[in-house]
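Protein chains: 2
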Amino acid sequence: MTTTETVLPDWLARCAQHFPSHLALQYGPTRWTFSDLEQQVTRLALQLASAGVGEGSRIALLAASGLQYVTCVHALTRLGAILVPLNTRLSQQELCWQVGDVRASLLVHDEQYAPVAAQIVRAVPELVCATLADHAQDAELVLRALPLASVPLRAFIDLAATQVIMYTSGTTGQPKGVIITYGMQWWSAIGSALNLGHSPDDCWLACMPLFHIGGLAILMRSVIYGISIILQEKFDALAVNRAICEERVTIISVVAVMLQRMLAELDERGMAHYPTSLRCVLLGGGPAPLPLLEECARRNVPVVQTYGLTESCSQAVTLAPTDSLRKLGSAGRPLLPVQLRIMQDERPDLPAPIGEPGVIYLKGPNITPGYVDRPEATAQAIKDGWLSTGDIGYLDEDGYLYVLDRRSDLIISGGENVYPAQIEAVLLAHPDVEEAGACGIPDQQWGQVPIAFVRLRARSTASSDDLFSFATQRLARYKLPRAIYIVDALPRNGAGKLVRRDLPRLLPF
Amino acid sequence: MTTTETVLPDWLARCAQHFPSHLALQYGPTRWTFSDLEQQVTRLALQLASAGVGEGSRIALLAASGLQYVTCVHALTRLGAILVPLNTRLSQQELCWQVGDVRASLLVHDEQYAPVAAQIVRAVPELVCATLADHAQDAELVLRALPLASVPLRAFIDLAATQVIMYTSGTTGQPKGVIITYGMQWWSAIGSALNLGHSPDDCWLACMPLFHIGGLAILMRSVIYGISIILQEKFDALAVNRAICEERVTIISVVAVMLQRMLAELDERGMAHYPTSLRCVLLGGGPAPLPLLEECARRNVPVVQTYGLTESCSQAVTLAPTDSLRKLGSAGRPLLPVQLRIMQDERPDLPAPIGEPGVIYLKGPNITPGYVDRPEATAQAIKDGWLSTGDIGYLDEDGYLYVLDRRSDLIISGGENVYPAQIEAVLLAHPDVEEAGACGIPDQQWGQVPIAFVRLRARSTASSDDLFSFATQRLARYKLPRAIYIVDALPRNGAGKLVRRDLPRLLPF
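Protein chains in written order, with this note's numbering: chain A, 1 to 509; chain B, 1001 to 1509.
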């Protein structure tokens, strides 16, 4: 096998050159053409350069979804710097650990997250921070009080270069930084376009967090395809439905809980259907409830189920629109660049027979080369190019994937991954806790919510409330157990390993 | 810059697996699904394997556009063999030279070209040949009298591997084999889809020769995109118009002379417009006459002008549909993977100013790595990744390319490239010819036709007819000068170089 290197003209710069007056980004009342976006990006890049940002700099970004966020993502590309998007829902402790672990040299934040950023910088002394100006108030300056450097900006993108380090916990519960290259974004975007079709008139609604791959990937598709995006800071069913009905949105990415609320909101307004301009509702973030899919089929909502993860740069397996009814409940088939196989859980060297569940493995140019600065974790997860997702699924006789569990123990709450191992680690850090176990239970609104069980040390008098206060300081809100139960023993198998699936049996009701 | 290697699941096999019952290919009354095509390809590949075809084998293909042609193209991919498509319009002498130059190990041909193939094999003793069976008569055997080998077929495509060696004469007039990799096909197809849009329901009409890149690229797009093609053996305006009007063709590739005939045929039937299902008429093969473009604009024919060459694997610069009126006459802008620059003709190290003509250079992953077995020609044409096309053009202030001349001296006759240097070389081989010069003159039907001028040796009595008979045996019909004039002197510049553009002044009228 020979090797090739592939360098492409910078995606945004090309759009600004070829489609200068095409709408790039709409956010609230603001509409930026590709030319507008390019100007903002150039200015921010030159300011960041004067702050010392250059090739390989790791820049943490803590900001709400908005114009500044998008500008910053593209500006880092022009400098060859690496974006480390921070999950704004994390606790301060989690954030401090992450910027330290990645050795970020600069923390860029917006006004809204200035207080949190100040706390982080106090806790991590080697870190400096820079404030993104609110464009509405301060149109001339993107970064507060920083001059424009006079450095050449990059005009090309090397597909092999790292664009982003995005933290995810994986099966172990220990957060790790996934390396996301420009090539992964490219191949994911192309695989998606070949599957869903592509029109230069597409308009993609982004209402998912941009610090997750599902949101960030939309920003990349915009400049790769040269299409418009409508960005909303937070998911709001009414705002989403308005955009779909009034703004000619053609594609939207959602998770199940969002889609449920969108349909409910549509009902409240007495509308049965979306306009036909909406051609694709890309539904990710874990297995979707069958009743929801059936309702969408009844109402002609063009749902396209998809399965992907941070390590696969969003979509890896997607149900073609033409199969959405025939294969209801399936995540579909691998996108063009992707290879998929299901291996037996106990014998990972043997493929699982058709229809039998096993572990999902993925390979292809949209799969991460590994975890930053963690060669052992990389070697464990990726062998011969095959990524073990840890997720469980099976293939039907036509080769369609059905995902049964996003990692046997993973809790997915409102589309967010919650790792039992992380909750357990926090509880075990409490001096009175001897053993801890966490799992998810069904929840009408969020799909699942986490709960936890602990066994206290002998003679301990800690209460459930004490433990809850302890966890509150250390865990993001959405990871916080709905309840913490004190029990006499946790279910363990013969080898002494915690059997999380048996935890719900300990519930007192 | 780091390097990456990219391997994709075999394009056709993937289509057969994912869209088995989708129409792949319609030819006359025959309709093959992707599953049908896959079966035919598998069988032919196993037969070719039993004839010794394997990795890197160079296989010459001499056949009419049809089911067998398509089958053979894909079958060679399964064996890692290299396709050398022969231009069926070449003279026997030209064909013999080409199969010898490329060191083809096997000549595959259909029934129609069996007599020509037999002559070639007699002239090139180390060559063996194999006959493609007529499917209509002999559905069970693809290759006459060859068993199926039991070898594993390739399931993957390495983008860096050579798919095709396609001969082109370039500026020198000496034919050279252009290396066409799978990656070039891939990037060309993706660049085209991002520009034109892509729908899984597209149907591409192929009525251009498959031995040229413009035709062959359609076969590749079909399996990369997973779309249908309608294949017609020869261009026939009535058949093309019928397919567009009755068969839901969405895209067609043509050269100007074809489009003129299509419109004339439409007029004959009293039709003003094509149905709106036809969304793109991709117009290549040299600068288009402005009156034709204006007529298309009047009649709402969705013409998309394009500029490309064998070395760029078809389209490299294409006018976006939205610009077709605003930039009438322009070939458009580079497709996403392509870089373009115009350098001064006399000072190739200096860019030509905006609006000033110069030589067109191209760079990108769809550009050939070079000419097979000709390192000097490769080094001369490609420097630092930049291919000198030899074509002349300029960029307007918005960066749109206007092509003035397909290589200053190149003659384009009915979409076929005719190289003056080759005509001259043939005439100079005649014992009575001292000097020769060839050029094109305008022609109502073909755009241009070649004519030639010769100065005879002293005391020679050869007539124009003698020279014409001599050339007839050595040149393809379409390259044959319409007239050969005997003159006293040829126009030469100070350095003694033939000035071909002054040749028409020697015309006796």
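We put the beta carbon where it would ideally sit given N, CA and C, even for glycine.
Using the rule of at least 16 other Cβ atoms within 10 Å of the residue's Cβ for burial, across every protein chain shown, is residue i buried or exposed?
i                 : result
alanine 1139/B    : With a pLDDT of only 49 at alanine 1139/B, under the threshold of 50, the placement of this residue in the model should not be trusted, and no figure is reported.
glutamate 1311/B  : buried
glycine 28/A      : exposed
threonine 1002/B  : Unreliable positioning characterises threonine 1002/B in this predicted model, as indicated by a pLDDT of 34, which lies under 50. A coordinate reading is not provided.
serine 21/A       : exposed
proline 1009/B    : buried
arginine 492/A    : exposed
asparagine 1300/B : exposed
isoleucine 252/A  : buried
serine 1464/B     : exposed
glycine 1437/B    : buried
leucine 62/A      : buried
glutamine 163/A   : buried
lysine 1363/B     : buried
serine 192/A      : buried
serine 188/A      : buried
glutamate 94/A    : buried
proline 334/A     : buried
valine 1128/B     : exposed
aspartate 1391/B  : buried
serine 1330/B     : buried
lysine 234/A      : exposed
glutamine 538/A   : Nothing can be reported for residue 538/A, as the shown portion of chain A is limited to 1 through 509.
arginine 505/A    : exposed
Say the cut is 6 Å; is the CB of residue i nearer than that to a heavy atom of the ligand ADP?
i             : result
leucine 506/A : Within the structure as shown, the ligand ADP is missing, as the structure has no ligands at all.
Looking only at DSSP bridge pairs, what is residue i linked to?
i                : result
serine 1050/B    : Note: serine 1050/B sits in no beta bridge, so no partner.
asparagine 417/A : Ile412/A
serine 1253/B    : Leu1282/B
proline 334/A    : Val317/A
glycine 447/A    : Asp443/A
alanine 438/A    : Ala452/A
proline 511/A    : The shown model of chain A, from 1 to 509, leaves out residue 511/A, and the question about it has no answer.
arginine 1492/B  : Leu1498/B
glutamine 1339/B : Lys1363/B
- What are the uninterrupted segments assigned as alpha helix (DSSP H) that are 4 or more residues long and contained completely in the stretch 94–175 of chain A, given in chain order? Segments of the alpha helix (DSSP H) lying fully in the stretch 94–175 of chain A: 114–123.
- Message: What ranges does the beta strand (DSSP E) occupy inside the stretch 341–402 of chain A, keeping only unbroken runs of at least 3 residues that lie completely in it?
- Response: List check, beta strand (DSSP E) in window: 358–363, 386–395.
- Mind pulling the alpha helix (DSSP H) runs of 4 or more residues that sit fully within the stretch 1290–1326 of chain B? At a cut-off of 4 residues, the continuous stretches assigned as alpha helix (DSSP H) that sit fully inside the stretch 1290–1326 of chain B are 1290–1298.
- Item | Contacting positions in the stretch 185–207 of chain A - beta carbon closer than 7 Å to chain B | Within the stretch 185–207 of chain A, the residues whose Cβ lies closer than 7 Å to some Cβ of chain B are Ile190, Ala193, Leu194, Gly197, His198, Ser199, Pro200, listed in chain order.
- Message: Whether or not the stretch 1196–1210 of chain B and the stretch 225–238 of chain A are in contact is what I'm after, with contact meaning three or more pairs of Cβ atoms, one per stretch, closer than 8 Å; do they touch?
- Response: Using a Cβ-Cβ distance cut-off of 8 Å, the stretch 225–238 of chain A and the stretch 1196–1210 of chain B are not in contact, since fewer than three pairs of beta carbons, one from each stretch, lie closer than that value.
- Message: For the stretch 1354–1364 of chain B against the stretch 1397–1405 of chain B, do three or more pairs of beta-carbon atoms, one drawn from each stretch, fall closer than 8 Å, so that the two count as touching?
- Response: Because the criterion of three Cβ pairs below 8 Å is met, the stretch 1354–1364 of chain B and the stretch 1397–1405 of chain B touch.
- Item | Three-pair Cβ contact test at 8 Å for the stretch 1284–1293 of chain B versus the stretch 1369–1389 of chain B | Because the criterion of three Cβ pairs below 8 Å is not met, the stretch 1284–1293 of chain B and the stretch 1369–1389 of chain B do not touch.
- Going along the stretch 1354–1370 of chain B in order, which residues come within less than 7 Å of chain A, judged by CB to CB distance? Result list: Pro1365.
- Task: Could you say if the stretch 62–69 of chain A and the stretch 145–159 of chain A meet the contact criterion of at least three C-beta pairs nearer than 8 Å?
- Result: They do not touch, by the three-pair rule.
- May I ask you to list, following chain order, the residues of the stretch 1222–1248 of chain B that have a beta carbon less than 8 Å from some beta carbon of chain A? So the close ones are Ile1224, Tyr1225, Gly1226.
- Residue ranges of each alpha helix (DSSP H) run of no fewer than 4 residues wholly in the stretch 1174–1248 of chain B, ordered along the chain? The stretch 1174–1248 of chain B is shown to contain whole alpha helix (DSSP H) runs of 4 or more residues at 1182–1196, 1213–1225, 1237–1246, in chain order.
- Item | Cβ contact (3+ pairs, closer than 8 Å) linking the stretch 75–93 of chain A and the stretch 469–487 of chain A | Yes: at least three Cβ pairs fall under 8 Å.
- Taking only runs of the alpha helix (DSSP H) that begin and end inside the stretch 1014–1084 of chain B, which ones reach a length of at least 4 residues, in chain order? As summarised for the stretch 1014–1084 of chain B, the continuous alpha helix (DSSP H) elements at least 4 residues long and confined to that stretch are 1034–1050, 1067–1079, given in chain order.
- Is the stretch 255–273 of chain A touching the stretch 406–426 of chain A in the sense that three or more CB pairs, one from each, lie closer than 8 Å? The stretch 406–426 of chain A makes contact with the stretch 255–273 of chain A: 3 or more CB pairs, one atom from each, lie closer than 8 Å.
- Residues, ordered as in the chain, of the stretch 272–288 of chain A that lie near chain B by beta-carbon distance below 8 Å: Taken residue by residue, none of the stretch 272–288 of chain A has a beta-carbon sitting less than 8 Å from a beta-carbon on chain B.
- Query: Got a sec: which bits of the stretch 39–50 of chain A sit with their beta carbon under 7 Å from any beta carbon on chain B, in order along the chain?
  - Reply: So the list is empty, because no residue satisfies the distance condition.
- Query: When Cβ atoms are compared, which residues of the stretch 1306–1329 of chain B fall closer than 9 Å to chain A?
  - Reply: So the list reads Ala1320, Pro1321, Thr1322, given in the order they occur along the chain.
- Query: Taking one C-beta from the stretch 358–370 of chain A and one from the stretch 272–285 of chain A each time, how about it: are there three or more such pairs within less than 8 Å?
  - Reply: These segments do not touch.
- Between the stretch 1053–1062 of chain B and the stretch 1263–1270 of chain B, do three or more beta carbon pairs fall short of 8 Å? Judged by Cβ distances under 8 Å, the stretch 1053–1062 of chain B makes no contact with the stretch 1263–1270 of chain B, as fewer than three pairs qualify.
- Message: Beta carbons nearer than 8 Å to chain A: which residues of the stretch 1394–1411 of chain B have them?
- Response: Those would be Gly1399, in chain order.
- Hey, is the stretch 10–19 of chain A in contact with the stretch 45–52 of chain A, meaning 3+ C-beta pairs nearer than 8 Å? Touching, no.
- Is the number of C-beta pairs between the stretch 204–218 of chain A and the stretch 240–251 of chain A that are closer than 8 Å three or more? Judged by pairs of C-beta atoms under 8 Å, the stretch 204–218 of chain A touches the stretch 240–251 of chain A, as three or more such pairs exist.
- Is it true that the stretch 418–427 of chain A meets the stretch 380–396 of chain A, where meeting means three or more beta-carbon pairs spaced less than 8 Å apart? Cβ pair count under 8 Å is below three, so no.
- Message: Beta carbons nearer than 8 Å to chain B: which residues of the stretch 156–183 of chain A have them?
- Response: Residues are counted here when their Cβ sits less than 8 Å from a Cβ of chain B; for the stretch 156–183 of chain A these are Asp158, Leu159, Ala160, Ala161, Gly183, given in chain order.
- Query: Which residues, in order along the stretch 1108–1136 of chain B, keep a beta-carbon less than 7 Å from a beta-carbon of chain A?
  - Reply: Identification of residues in the stretch 1108–1136 of chain B having a C-beta nearer than 7 Å to some C-beta of chain A yields an empty set.
- Item | Contacting positions in the stretch 1016–1039 of chain B - beta carbon closer than 7 Å to chain A | Answer set for the stretch 1016–1039 of chain B: Gln1017, His1018.
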